[in-house]
Every structure is written in C-alpha cells, then in structure tokens.
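First comes the structure, then the notes that go with it.
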Amino acid sequence: MTQTETIRAAAGYLAQFVEAQALHQRVPGVQVAIRSGDELVLDLAVGVADAVTGTPLRTDHLFRIASHSKTFAGTSVMQLVEAGKIRLDDPIGQYVPELVEGGSPIAAATIRELLGHQSGVIRDGVHADFWQLEYPFPDRATLIADIVADGRIYARNEHFHYSNVGYSLLGLAIEAVSGQTFDEYTRTHIVEPLGLTRTGAEYDPARADEYAAGHTALLFGTNERDVIEHVDTRVMAAATGFYSTASELTEYGAAHWFGDTRLLSDDSKRLMQRLESVVSAYGEEVGRYGVGMEVRKVGDRPMIGHSGGYPGHITRTYIDPKDKLVVSVLTNAVDGPADQIATALVKLIDAALAPRPGHTPAAHPDGLPPLESYTGRFANLWGLLDLTVLGGRVVALRPSLADPLGAFEELEVVGPDTLRIHPQTGFGGSGELVRLERAADGSIASVRFGGMTSWPVEEFLRRRPSMLHVATSKVSV
C-alpha cells in the first residue's frame, strides 16, 4: 500500500490513541489533523473548547498557534527575496531606522541572522509579563525603545538565542518592504493563495465565538482550570500572533513540500529548511533550527515545522517535505501535550508503514478470523492495553504512554484465540503466547498478556474493587 493508503487504514486507531492521550493528560481539548499527499487523512477534535461552559471542541474551532507565526514570517521574507525586494544579508536597521537612530548594535543584525535566531537580540524583552496578561503586548514604539535600552544579549552569531523580539523586527521589515501591514501581506500572499478561511495573523474579535478558549495549567495536580482571555499581540504578531485550525495548518504545511510552488520555489524551501543551528544547553542537544523553521528528526524521519506557546494554547506541526506528510496537533491549555501527541502520531504512522526492526511479518494463517477480530482496548490494574492493526499487522501498545513505542510489541497470529509476541531479548514477555477468551458473540472477553489478564475497560472497572485486596481462591489453569 502507499503511504496515504496505510495511514488511512490506521486513522481509526490513531483517533483512539489521541482520545486516550487527551483523557490521560487531562487536557481540555485536542484538535488533530494528518495530511498525506493530496488527502486529509484525519481531522479530529477531542474534548471541550471551554472547560467552564463544557462546549464540545470542533474541528473548525480556531486556536492561537503562536510561534507557528515565525514560519509565516520566514515564508514572507523568502517571497520578498524572490521578488528582489529584500536581501537576506541586509541589516535590519535598513528597514527599522529607529534602531540606527538609537545607536542599537542590533541595527547591524541581518535578516538571515534574525530568521535563524543568531542576531543576539533579547528573547522577549526585560519586561515580558505581557505573556501573562499583566499588561498589553508592546506596540512598535515600546518594542524599539526596549531594544535600544536593553536589547543586545550576545554578539551576532555568538550563540543561537531564540527571540520573539527578533521576529517582531522581521514583521516590521516585511511591512516596510511590502507597503502592507503584516496581516495584509500574509493574507494576500499566503492565506488567500492557499484558500485558507480560518487562518489569520492576529486575533480577530469579530470571530470571538469561533475560538477555542485557552486554559491555565493543572498546577501542582489541581483539578481546576481557568479560562485565559485572547489578546492582540500587536507588534509581535510576526512572532506569535497567528490563529488557525489543525486542518488548515496541514494545508499550509503541504505548501512547504518540495514540488509545491504555491508559495515558494524549491530553492527557497531548501534554504529555509537547511540546518543553521544545533542548539545545546548544558552540553546536551535540545533542538535544531533552520531559517524560520525548526529542523528535527522523529525516529528516522527528517521533519521541519514549529511549535507554539501562547497563554492557554500549546501547538505543534511536523512537516515531511519529501515524503509529503503533515501532522498538526493543537491543544487549549498551558500544559497541553501537543508536541508529545504529534511526535507519537508520527511514530505510529512509521510503525504502520514498516515493521519494527528485526520483525518479519508472517502471512495470516488460512481459516483463521480476520485480523480485526484480534483487536480492542483492554485494561487491568496496571493500565490500558491496546491490540490493534497497523500496516496489516497485529500489534500491542500502551496508549497512555508518552512514547507509544515504549511498550510496543509486534504480534503473530498463531491460532483463533492465540497470538505470539515477537521473540527477542528483552525485559517483557517476548516470545510468549497471548491468549484470548472470547464471548459467545466472538468478541474478546479477556486477554492474558504476559501472564496477566486484561478485560474490556467497562468490565475491568466492574472488577477493580475486587483487586484491592488479596484473593484467597486458587488461580484456575
């Protein structure tokens, strides 16, 4: 099967996995979209848009996607480079003359250095409590005054130093070159050419009812979340202002695939996606960055994209520009596990596309029930167990784990009610049989995996009280 066909076949389970993650992480809502080739293979909303009102989350609810905005700014700059209106080695002071007038060393930073977070400019400013709504986001005059007073942290190209202030300056450069506001430029040169109707550069109060609410974290394990007001990010829109939906972000992500010329030439995409910085902290690599894009590997799959953190929303989009895959996950809480879920989905997709190393699937034995009859979600005192079909193989995994491959097992069907775990060295039950007990209608009533029995979730919950004390009866064989 093709990549798209394989993901389409796995989409039902991928949705179940997201639902389990959302419940386990206690995040109010999760919006997910997966695009492969020309097809939106999954478009899903789980949970609520507002934890106070209980409004169900929809796939068309708008999310603040925060630092995804940097990819729109980077795309805008590269369009202007292609048009001959700006050069990557131009100093930012050429477009923001107040920096020169104020004598700021940041005036000499180039467009490319700002795109790659190598300009040395401060991250958010000395006074950045606008991130927790203590006061409004800065306007142009406030931003530039702060840069002139306290903006330089490092010399140019001394260190990678992620900077929302730097991208705010890029937004001003885009406006100076194009003669349009950042919102107008991105709308006419990115949003409208892609046919997007639920994406924009800044909070739109006219659409207030369409936004998913942002929520506070479950601090110290508390159960209550408060709703955080949406605000205008003003001069920082190019760094953090955008809103969108998961499905529209996959359409935007597809425009960064090689061969898609709707926004940029492949030459410009290669430059944006080229590794500029390996980011290390205290001797350990913590990330990689290109020119307006994060550069990452998920498993063995090279990807680009961006995360986003806005008061109340945490988001992540991964793009494979060669194999034409986009995964976007949007969450509406400060502690939302967007990156965790997006990473897990990419890993599950790759697990569907190819067996785990060392495993060679056997043909399904003749005369046995179809693979789907060996699947389901089960539970015991130690948590959830999923048996599912990925890529034409029965596999086992724990859907509440952050890494779905952490307890992932390839299974072989060896009988109508029996599977075998792939034999190999390990700390689990490798090589052991998995025994199914079926109900009269053929459904699975219980699974004995690693010697322990799991039941369908409702049945386990019925049985759980009896597991809180030692049983005196003998184990039946």
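My numbering applies: residue 229 is where the sequence shown begins, and numbers increase by one.
Glycine included, every Cβ here is placed at the ideal spot set by N, Cα and C.
Note that this is a predicted model, so its numbers are computed, not measured.
- The C-alpha of Ala335 lies about 12 Å from the C-alpha of Ala383.
- According to DSSP, His541 shares a beta bridge with Tyr538.
- Rounded to the nearest whole angstrom, the C-alpha separation of His541 and Arg292 is 6 Å.
- Put simply, of Glu686, Gly656, Val685 and Leu639 the residue whose alpha carbon is nearest the alpha carbon of Arg663 is Leu639.
- Scanning Pro651, Leu618, Gly604 and Phe677 for the CA closest to the CA of Val685 turns up Gly604.
- Residue burial is scored here from C-beta neighbours: Ser472 has at least 16 other C-beta atoms within 10 angstroms and is therefore classed as buried.
- The way I'd put it, the stretch 310-318 does touch the stretch 330-349; three or more beta-carbon pairs between them come closer than 8 Å.
- Between Ile532 and Leu553, the C-beta gap is not smaller than 9 Å, which leaves the two residues out of contact.
- The beta strand (DSSP E) runs lying completely inside the stretch 569-619 and spanning 3 residues or more are 604-608 and 611-618, given in chain order.
- Straight through space, the alpha carbons of Ile372 and Phe470 are spaced by roughly 22 Å.
- Shown here, Phe388 sits in coil according to DSSP, grouped into three states, outside any helix or strand.
- Contact between the stretch 300-311 and the stretch 519-527 is present, with at least three C-beta pairs closer than 8 Å.
- With respect to the C-alpha of Asp271, the residue from Leu503, Gln244, Glu457 and Gln253 having the closest C-alpha is Gln244.
- A straight-line Cα-Cα distance of about 6 Å links His289 and Ala440.
- Each residue's CA atom was taken as its position, placing Val506 and Glu513 some 7 Å apart.
- For the pair His355 and Gly537, the Cα-to-Cα distance works out to about 18 Å.
- For Asp271, the secondary structure class from DSSP, reduced to helix, strand or coil, is strand.
- With respect to the C-alpha of Gly330, the residue from Leu612, Leu633 and Arg380 having the closest C-alpha is Arg380.
- For Ser297, the CB contacts under 8 Å within the same chain, skipping 5 residues up- and downstream, are Tyr395, Ala429, Ala465, Ala466, Ala467, Thr468, Gly469, Phe470 and Gly536 in chain order.
- In the three-state scheme derived from DSSP, where H, G and I count as helix and E and B as strand, Arg502 is classed as coil.
- Every alpha helix (DSSP H) of 4 residues or more that sits fully in the stretch 334-382 is shown, in chain order, as 339-343 and 368-378.
- Beta-bridge partners assigned by DSSP to Pro284: Val276.
- With fewer than 16 other Cβ atoms inside 10 Å of its own Cβ, Gln360 counts as exposed.
- Pairing Ala401 with Val562 gives a Cβ-Cβ distance that is not under 9 Å.
- DSSP places Ala440 in the coil class of the three-state scheme, outside both helix and strand.
- In the DSSP assignment, Thr646 is bridged to Gly643 and Arg663.
- Taking C-beta atoms as the reference points, Leu268 and Thr478 count as a pair closer than 9 Å.
- Apart from sequence neighbours up to five positions away, the residues of its chain that approach Glu637 with a beta-carbon distance below 6 Å are Ala624 and Ile649, ordered along the chain.
- For the pair Ser295 and Arg621, the Cα-to-Cα distance works out to about 38 Å.
- His443 is classed as buried because its beta carbon has at least 16 other beta carbons within 10 Å across all chains shown.
- Its Cα nearest to that of Gln253, the residue Thr450 stands out among Tyr241, Thr450, Thr489 and Arg462.
- According to DSSP, Phe291 shares a beta bridge with Ser472.
- In summary, Lys497 is buried, with 16 or more beta-carbon neighbours lying within 10 Å of its beta-carbon over all protein chains present.
- Around the beta carbon of Gly275, 16 or more other beta carbons lie within 10 angstroms, which makes this residue buried.
- Under DSSP, Met306 takes part in no beta bridge, so it has no partner.
- Residue pairing of Leu558 in beta bridges, as defined by DSSP: Gln259 and Thr543.
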